[in-house]
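For our numbering, add 185 to where a residue sits in the sequence shown, where the first one is 1.
From the three backbone atoms N, C-alpha and C, an ideal C-beta is built for every residue, glycine too.
As the structure is a computational prediction, the values presented were derived from the model and not from experiment.
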Amino acid sequence: MTSQDTIDFVEWPLNEEGYPYRKAARIVVFNPAGEIFLILGHDIDEPSQTWWFTPGGGIEAEESPADAAVRELREETGLVVDKKRLIGPVLMRYSTFHFAAKTRKQDEEFFVIHIDESEAELINSGHNREWTTLEHHLLDDQTWWNLDSLRAIQDTGQWVFPRDLPEFAREWQGTWDGVCRTIVEE
């Protein structure tokens, strides 16, 4: 068994359909300018396949989705926040990832947080991130996106997940309506 097989077994056990599967939590982070923070990653077996996505990751045993979202935000950006600041969940996404080597399924709960300028500067600095070795290999960039520019790069063929993130984010920029949307992306 390789180390990747061990990671798969622990973090991505097989579901009833035989796919590696996990539950995850994600955060849409807004800075004071109304931009959202996204990470650019690529397929380890097909590096030309890239996509932008929100901070987040798998929910660990005995961890709530909100706890996982806060932990993942700290690990991926270095920013430590209290889970009481989270808004949501605002979105439930049932997703199928078609990677070059393996298809995976993930159910994701999305939360929103609005941060101040000093917190945005901490994220920009890259200090205190706790990336794993795998993340160092798979994550290529991190940046703030205004929603019009994000939609424009999607129109050129660049992948952004969830697919309708710019539209959802417009709803979450101000006061959230209290409705958790549900989407399926295959």
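| Item | Value |
| --- | --- |
| Going by DSSP, what residues sit across from residue 197 in a beta bridge? | According to DSSP, residue 197 bridges with nothing at all. |
| Which class does residue 351 belong to by DSSP, given the choice of helix, strand or coil? | helix |
| If we call anything under 9 Å between Cβ atoms a contact, is residue 263 one with residue 315? | yes |
| Kindly provide the ranges of any alpha helix (DSSP H) runs that are 4 or more residues long and lie completely inside the region 257-338, ordered along the chain. | 302-310 and 318-323 |
| Would you say residue 143 and residue 269 are within 9 Å of each other, going by their C-beta atoms? | There is simply no residue 143 to check, as the chain begins at 186 and stops at 371 in what is shown. |
| If I follow the unbroken beta strand (DSSP E) through residue 235, where does it start and stop? | 231-238 |
| Have a look at residue 187 and residue 317 and give me their C-alpha separation to the nearest angstrom. | Any reading at residue 187 is ruled out, since the residue's pLDDT is 41, under 50, leaving its predicted position unreliable. |
| According to DSSP, simplified to helix, strand and coil, what is residue 189? | Low per-residue confidence applies at residue 189: pLDDT is 46, beneath 50, and the placement is therefore not dependable, though the value from the model is reported in the following sentence. Residue state, collapsed to three classes: helix. |
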